[in-house]
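S.K.: Please read through the structure below; I'll follow up with questions.
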Ligand SMILES: Cc1ncc(COP(=O)(O)O)c(C=O)c1O
Ligand SMILES: [Zn+2]
C-alpha cells in the first residue's frame with residue numbers, strides 16, 4: 001500500500017499532486033515523492049518486510065506505488081557478498097560487494113524501471129520510452145514487454161555492441177545518429193507533445209524512488225544496520241542520493257538504529273563533474289562534455305549533482321575521479337578476486353575503493369559496501385585488449401609446452 | 001512564442017559580466033530568473049526565456065560565447 005502524499009519541490013517545498021510531472025512551475029526545482037511517514041510507521045515492520053517477496057517490492061510501503069499490479073521480472077534482492085579475497089588484497093577486513101549485475105537485465109536500472117513502469121501503467125500510459133546509454137534501455141524495453149506496453153527506446157549509435165544487443169533483443173530500439181546533446185534535445189522535443197511515459201523525464205520522481213531499495217537491502221542484508229562506508233558509481237547522482245535516502249528512511253522509521261554511513265562518490269576522470277566539485281570545494285558541479293570509457297556514467301550535466309555534493313559533506317564522505325586507465329584494472333581485480341565480472345562502472349568503483357583504502361579514508365576494520373551496478377558482458381570493449389589467453393594445439397606436448405611452461409616461468 | 005528553461009553556470013571573471021541583463025537587452029528575449037546561487041567566483045542561475053525560438057537560440061549562442069555554460073534545466077535526458 002503506498003503512503004504517498006503527493007509530489008514536493010526539493011527546492012522551494014511547494015506541493016503538487018502525484019501526477020506525471022517532474023519540475024516545479026515556480027522555481028524549476030525537481031519534484032520528489034512525499035510520503036506520510038506516520039502512516040508508513042504504522043504499517044511497516046522488519047517482520048512484514050521479511051515476509052514480502054524476494055524483490056524490491058518487499059519495500060512497497062516506501063515506494064510510490066503498491067505491489068499488487070507490479071511490473072515484476074524479479075528486480076532487487078540481489079546478493080550481498082562478503083568480499084574476503086578482494087578485502088585481503090586491499091587491506092579491508094569487513095568488505096562487502098552488493099552485486100546488482102544479478103538483476104534481470106543485468107544492472108540496477110531494473111529497480112528504477114520496475115517502479116516507473118508500474119506507475120506508468122497506473123497513469124494509463126500506453127507507451128513507455130527512454131533515452132539511454134545502454135543499461136536503462138534494456139531495463140525499459142524488458143519491463144515494457146512484461147507490462148504489455150508499447151515502447152520506444154533511443155540509443156546513441158556509437159554505443160557498445162553488447163548494450164545495443166542487450167536492449168534491441170526486446171524490440172523497438174532506435175539508434176540515433178548524433179552526440180549526447182542531440183539525443184537529449186530530440187527526446188525532450190518528442191516528450192513535449194506525445195503522451196509517452198518517459199522513464200527519466202515525466203516519470204522521474206517515481207523512477208528514482210526505485211533506487212532507494214538498494215539502500216533498504218543493504219541495511220536488511222547486513223542484519224538491520226547501515227554500513228560505515230558505501231562506494232557508489234555516479235552519473236546523474238540519482239542512485240547516490242537515493243541510497244542515502246533509503247538508509248535514512250530506515251533510521252527514521254526505527255528499522256535501524258542510526259546511519260553512521262560515509263557516502264563515497266566514484267566517477268571516471270573523463271566525466272567527473274560531481275567528483276571535481278567535491279575535490280575543488282564547490283557546492284555545484286560545472287558541466288563537462290563526457291569523454292570516458294565508462295559510458296554508463298557519462299553524464300556531463302548531472303541533475304542530482306548538487307544534492308550529491310551536499311550528501312558527501314553531510315555524511316563525511318569523499319569523491320574520487322579514477323584515471324581512465326585504471327577502470328579496466330578495477331574490473332580485472334574484482335573478477336580475479338571475487339569471481340564477479342562487472343562493467344566499467346564497477347571498475348570505477350573498485351579502483352575508487354582501492355584508493356580510499358590506500359589513503360586510509362576507509363579503515364581496515366570498517367564495514368564497507370561497494371556497489372556493483374552492471375555486468376561486464378555489456379562492456380567487453382573495455383577489457384578486450386587485455387584478454388590474451390594462450391592458444392595451443394590439441395596435444396599434451398603443446399599444453400605442457402605453452403601452458404605449463406608459462407606457469408613455470 | 002517559445003519558452004525555454006535553462007541553467008547558466010558561470011566561473012571566474014564572468015560572474016561580473018551582466019550577461020543576463022545584456023541577453024534581455026540585446027536580443028528580443030524576456031529573461032525570468034527563478035533560482036540562483038553565486039559563491040565566490042562561481043555560480044549558477046536557473047531561468048526561463050521567452051521569445052521566438054530563433055532569438056532564444058541566437059541569444060543562447062551569444063551567452064555561450066561569453067564563456068557561460070548553458071544546459072537544460074532537466075539535466076540530461078540521456079541516462080545510463
Ligand atoms: C551501471 C550503472 N551504474 C551507475 C549508474 C549511475 O546512475 P545515476 O544516474 O543514478 O547516478 C548508471 C546509470 O546511469 C549505470 O548504468
Ligand atoms: Zn519549487
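Residue numbers (the numbering used here), protein chains in the order written: chain U, 1 to 409; chain W, 1 to 80. Glycine included, C-beta positions come from ideal geometry on N, C-alpha and C.
Please list the partners that residue 175 (chain U) has in chain W, where partner means a Cβ-to-Cβ separation under 7 Å.
M.R.: Reading the first chain from its first residue, position 175 is the one you call residue 175 (chain U). Correct list: empty, because the minimum Cβ distance to chain W is about 13 Å.
S.K.: Look up residue 375 (chain U) in the DSSP assignment and give the residues it is bridged to.
M.R.: Residue mapping note: residue 375 (chain U) aligns to position 375 of the first chain, counting from 1. Answer is U:342.
S.K.: Confirm, please, whether the CB-CB distance from residue 120 (chain U) to residue 197 (chain U) is below 8 Å.
M.R.: The residue given as residue 197 (chain U) occupies position 197 in the first chain. The residue given as residue 120 (chain U) occupies position 120 in the first chain. Yes, they are a contact pair.
S.K.: Which bits of chain W does residue 143 (chain U) rub up against, with CB to CB less than 7 Å?
M.R.: Taking the first chain and counting its residues from 1, the one referred to as residue 143 (chain U) is at position 143. Within 7 Å Cβ-Cβ: nothing; residue 143 (chain U) doesn't reach chain W, min ~15 Å.
S.K.: Is residue 29 (chain U) near ligand 3, in the sense that its beta carbon is under 7 Å from a heavy atom of that ligand?
M.R.: Of the ligands one can find in the structure shown, namely ligand 1 and ligand 2, none is ligand 3.
S.K.: In three-state DSSP terms, what is residue 422 (chain U)?
M.R.: With chain U represented from 1 up to 409, any question about residue 422 (chain U) goes unanswered, as that position is not in the structure.
S.K.: In this structure, how does DSSP classify residue 22 (chain U) when only helix, strand and coil are distinguished?
M.R.: Working through the first chain from its first residue, we reach residue 22 (chain U) at position 22. Residue state, collapsed to three classes: coil.
S.K.: Restricting to runs no shorter than 3 residues, where is the beta strand (DSSP E) found entirely within the region 5-74 of chain W?
M.R.: For the region 5-74 of chain W, whole beta strand (DSSP E) runs of length 3 or above, ordered along the chain, are 30-39, 42-51, 69-72.
S.K.: Taking 8 Å as the CB-CB limit, is residue 38 (chain W) close to chain U?
M.R.: Taking the second chain and counting its residues from 1, the one referred to as residue 38 (chain W) is at position 38. Not one chain U Cβ lies under 8 Å of residue 38 (chain W).
S.K.: Residue 286 (chain U) touches chain W at which residues, Cβ-Cβ below 8 Å?
M.R.: Here residue 286 (chain U) refers to the residue found at position 286 of the first chain. Chain W residues near residue 286 (chain U): 9, 11, 42, 69.
S.K.: Report yes or no: is there a C-beta of chain U within less than 8 Å of the C-beta of residue 63 (chain W)?
M.R.: Taking the first residue of the second chain as position 1, residue 63 (chain W) is located at position 63. So, not an interface residue.
S.K.: I'd like the span of the alpha helix (DSSP H) that includes residue 165 (chain U), first residue to last.
M.R.: Your numbering for residue 165 (chain U) matches position 165 in the first chain. Start and end: 161-168.
S.K.: Could you have a look at residue 6 (chain U) and say whether DSSP puts it in helix, strand or coil?
M.R.: What you label residue 6 (chain U) is simply residue 6 of the first chain in a count that begins at 1. Three-state DSSP puts residue 6 (chain U) in a strand.
S.K.: In the DSSP assignment, find the alpha helix (DSSP H) that holds residue 219 (chain U) and state where it starts and stops.
M.R.: Numbered from its first residue, the first chain carries residue 219 (chain U) at position 219. From DSSP, the alpha helix (DSSP H) with residue 219 (chain U) extends over 212-221.
S.K.: Count the other CB atoms within 10 Å of the CB of residue 358 (chain U); is the residue buried (16 or more) or exposed (fewer)?
M.R.: Along the first chain, read from residue 1 onward, the residue named residue 358 (chain U) stands at position 358. Flag for residue 358 (chain U) reads exposed.
S.K.: For residue 294 (chain U), is the classification buried or exposed, using 16 other Cβ atoms within 10 angstroms of its Cβ as the cut-off for buried?
M.R.: Within the first chain, the letter at position 294 stands for residue 294 (chain U). So residue 294 (chain U) counts as buried.
S.K.: Would you call residue 21 (chain W) buried or exposed, if buried means 16 or more other Cβ atoms sit within 10 Å of its Cβ?
M.R.: Start at 1 with the first residue of the second chain, and residue 21 (chain W) comes out as number 21. Exposed, since its Cβ has fewer than 16 Cβ neighbours within 10 Å.
S.K.: Measuring only the C-alpha atoms, how far is residue 331 (chain U) from residue 211 (chain U)?
M.R.: As a first step, residue 331 (chain U) must be located in the first chain, where it is residue number 331. As a first step, residue 211 (chain U) must be located in the first chain, where it is residue number 211. Each residue's alpha carbon lies about 23 Å from the other.
S.K.: Given 7 Å as the limit, tell me if residue 26 (chain U) has its C-beta closer than that to any heavy atom belonging to ligand 2.
M.R.: Indexing the first chain from 1 puts residue 26 (chain U) at position 26. Residue 26 (chain U): yes, Cβ under 7 Å from ligand 2.
S.K.: Taking C-beta to C-beta, are residue 128 (chain U) and residue 199 (chain U) nearer than 8 Å?
M.R.: Taking the first chain and counting its residues from 1, the one referred to as residue 128 (chain U) is at position 128. Taking the first chain and counting its residues from 1, the one referred to as residue 199 (chain U) is at position 199. Yes, the Cβ-Cβ distance between residue 128 (chain U) and residue 199 (chain U) is below 8 Å.
S.K.: State yes or no: is the C-beta of residue 108 (chain U) nearer than 7 Å to some heavy atom of ligand 1?
M.R.: Locating residue 108 (chain U) in the first chain gives position 108, counting from the first residue. Residue 108 (chain U) Cβ: within cutoff of ligand 1.
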